[in-house]
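Have a look at the structure below before the remarks.
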Amino acid sequence: MWAIKQSIYAFRGGKVNLLNDAIRFVQEKCNGDYHELNTSRRSSIKIIDFINNKFQMSENKFKTIHKTLGKVSICEIDANKSNIKSEEAQFISGQIYENFKNNKNKNIVM
């Protein structure tokens with residue numbers, strides 16, 4: 140049996156206790172093992188460093204195998220706004236447009 144946790148953040152509505160309950164259940168009821176995979180094969184070192192610094196209290200630090208490719212930028216959007224999806228879509232599409240306009244369309248993750 141597999142239980143996979145990927146980016147479970149409370150601010151996005153994630154419920155970490157559900158994963159912890161599932162792990163405990165598999166260990167106690169199914170004699171299962173818990174294995175943590177903490178190496179990112181998708182994100183650059185700047186993104187991993189940002190996440191590790193932003194969530195310093197977490198004991199689950201990530202490592203990366205990628206070299207540094209560029210910069211990390213953050214756009215804070217008020218989650219209490221009624222038009223949050225529209226604002227987020229507008230920001231992302233604007234970033235894509237600017238990157239293509241300035242020929243910075245290589246190795247982009249959003």
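Per the numbering used here, numbering through the sequence shown is continuous, rising by one, with the last residue being 249.
Beta carbons are placed, not taken as given, at the ideal position from N, Cα and C, and that holds for glycine.
Keep in mind the model is a prediction, meaning the values are calculated, not measured.
query = With respect to the alpha helix (DSSP H) encompassing Y236, which residues constitute its N-terminal and C-terminal limits?
reply = 223-240
A218 to N191 span [Cα, whole Å] = 22 Å
request  = Would you kindly work out how many angstroms separate the C-alpha atoms of F173 and E215, rounded to a whole number?
outcome  = A small fix is needed here, since residue 173 is Tyr in this sequence, not Phe. Straight-line Cα distance between these residues: approximately 35 Å.
key: Cα-Cα separation between I213 and K168, rounded to whole angstroms   = 42 Å
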